[in-house]
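In my numbering, the protein residues as written are 1 to 243.
Glycine included, each C-beta is placed from N, C-alpha and C at the ideal position.
Since the structure comes first, as C-alpha cells, the remarks are kept for the end.
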Ligand SMILES: Nc1ncnc2c1ncn2[C@@H]1O[C@H](COP(=O)(O)OP(=O)(O)OP(=O)(O)O)[C@@H](O)[C@H]1O
Ligand SMILES: [Mg+2]
C-alpha cells in the first residue's frame, strides 16, 4: 500500500484517472483554452471539499467578484455555495480584495492571517495567468510566486492553479509555471457539429504513476464528469437525438 496521502477532487471519474486523487500538499496546474472548464473544475474542487469531505477551502479569483462567482457556482448547480461562504467553510478572495492595494504583498498578509486562524485543506488560484500580470518584472514575479507557493505548502494546502492556454496542446517553450507545480492537467475542447467534445489529460502528477491517456469529459448541470472509457463517451449525445 502506498503511504502517499491523497486529496480527492470528488469529481466523478477524475479521481480514478488520478489513481485516487491529487497528492496532498502539492500544487497542480489546470491548463486550457477559454471555456475549457478550468474555473468550473476549481469551483467544484472547493465545493466538493466542503460538501463531501468536510474540508475547508480558499478560492482566490482575479477574474471575478464574489457575487459573479456565486452566480457561476449556483448556475452550475453548486447550490450551497453561498451558505458555505457565509459559514466560513469557503473563503473567497475576489478581485476586489486581491487588487485593492495594487500590491500583492498586502493580499498575502491577509491570507497568512486567515491561515493562522483557520485550518484549510484546499486552495484554488484562478488564474495564474492573471496573477502574473500583477508584477512588472520577471524577478518580482518569481519572488512572489515562490513566496506564495511556500505559504501554500507550509500550511498543508492542496492547490489548483488555473492557467490560460492559447493552443490546444502545450508548446515547446517551458514557462515559469511548469517549474513551480507538481502536477499538470490539461482540459481540451474540440468543436463538433452539435457542440463541443471535451477531454482531460493528466500530463504530470508528482509521486504518482499516471495513466497518460486522454479521457473524455462532459460539463453538465452538476459540473464536470470524466469518462474512464472512450466507448461510453461515443454513446453520449445519442440520447439527445430526436426519435
Ligand atoms: N450548466 C452547464 N451545462 C453545460 N455546459 C456548461 C454549463 N455551464 C457552463 N458550461 C460550459 O462550461 C464552459 C465554461 O467553463 P469555465 O468558465 O470553467 O471555462 P474556463 O476554462 O475557466 O474559461 P476562461 O479561460 O475563459 O476563464 C463553457 O464552455 C460553458 O459552455
Ligand atoms: Mg475561468
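Between the CA atoms of residue j and residue i - distance to the nearest angstrom
i: residue 211; j: residue 100; result: 42 Å
i: residue 209; j: residue 185; result: 14 Å
i: residue 19; j: residue 33; result: 25 Å
i: residue 9; j: residue 35; result: 20 Å
i: residue 172; j: residue 86; result: Because residue 172 sits at a pLDDT of 44, beneath the cut-off of 50, its placement in the model cannot be relied upon, and the following sentence gives the value as read from the coordinates. So the alpha carbons of these two residues sit roughly 44 Å apart.
i: residue 229; j: residue 213; result: 10 Å
i: residue 3; j: residue 207; result: 11 Å
i: residue 195; j: residue 144; result: 40 Å
i: residue 16; j: residue 131; result: 30 Å
i: residue 63; j: residue 117; result: 26 Å
i: residue 221; j: residue 140; result: 40 Å
i: residue 146; j: residue 193; result: 44 Å
i: residue 156; j: residue 21; result: 16 Å
i: residue 111; j: residue 76; result: 27 Å
i: residue 218; j: residue 202; result: 16 Å
i: residue 197; j: residue 121; result: 32 Å
i: residue 142; j: residue 82; result: 34 Å
i: residue 191; j: residue 137; result: 37 Å
i: residue 129; j: residue 79; result: 28 Å
i: residue 164; j: residue 71; result: 22 Å
i: residue 216; j: residue 84; result: 30 Å
Contacts around residue i, its chain only, beta-carbon distance under 6 Å, and the 5 residues preceding and following it disregarded
i: residue 59; result: 46, 92 and 124
i: residue 94; result: 61, 65 and 66
i: residue 14; result: 226
i: residue 89; result: 50 and 56
i: residue 7; result: 21, 22, 24 and 158
i: residue 48; result: 10
i: residue 189; result: 36, 196 and 198
i: residue 53; result: none
Close beta carbons around residue i, own chain, < 7 Å, minus the five adjacent residues each side
i: residue 148; result: 108
i: residue 169; result: Since pLDDT at residue 169 reaches only 49, below the 50 mark, its modelled position is unreliable, and no value is offered.
i: residue 12; result: 225 and 226
Helix, strand or coil at residue i [DSSP, three-state]
i: residue 14; result: helix
i: residue 173; result: For residue 173, the predicted model reports a pLDDT of 47, less than 50, meaning its position is unreliable; a value from the coordinates is still stated below. In the structure shown, residue 173 sits in coil (DSSP, three-state: anything other than H, G, I, E or B).
i: residue 141; result: helix
i: residue 37; result: coil
i: residue 78; result: coil
i: residue 4; result: coil
i: residue 189; result: strand
Member of the options whose CA lies at the smallest distance from the CA of residue i
i: residue 154; options: 27, 10 and 8; result: 27
i: residue 5; options: 215, 182, 12 and 24; result: 24
i: residue 224; options: 31, 187, 120 and 128; result: 187
i: residue 183; options: 164, 43, 78 and 158; result: 158
i: residue 134; options: 114, 103 and 85; result: 103
i: residue 114; options: 151, 16, 72 and 130; result: 151
i: residue 199; options: 38, 22, 21 and 146; result: 38
i: residue 40; options: 69, 191 and 52; result: 69
i: residue 181; options: 197, 205 and 165; result: 205
i: residue 74; options: 105, 44 and 215; result: 44
Own chain partners of residue i with C-beta closer than 8 Å, once the 5 adjacent residues on each side are dropped
i: residue 42; result: 30, 59, 124, 126, 160 and 162
i: residue 119; result: 56
i: residue 97; result: 107 and 110
i: residue 105; result: 144
First and last residue of the uninterrupted beta strand (DSSP E) at residue i
i: residue 122; result: 122–126
i: residue 209; result: Per DSSP, residue 209 belongs to no beta strand (DSSP E) and is neither H nor E.
i: residue 204; result: 195–205
i: residue 96; result: That residue, residue 96, is in no beta strand (DSSP E); its alpha helix (DSSP H) goes 95–99.
Limits of the alpha helix (DSSP H) - the one that residue i falls within
i: residue 21; result: Note, residue 21: premise wrong, no alpha helix (DSSP H); not H, not E.
i: residue 105; result: 104–117
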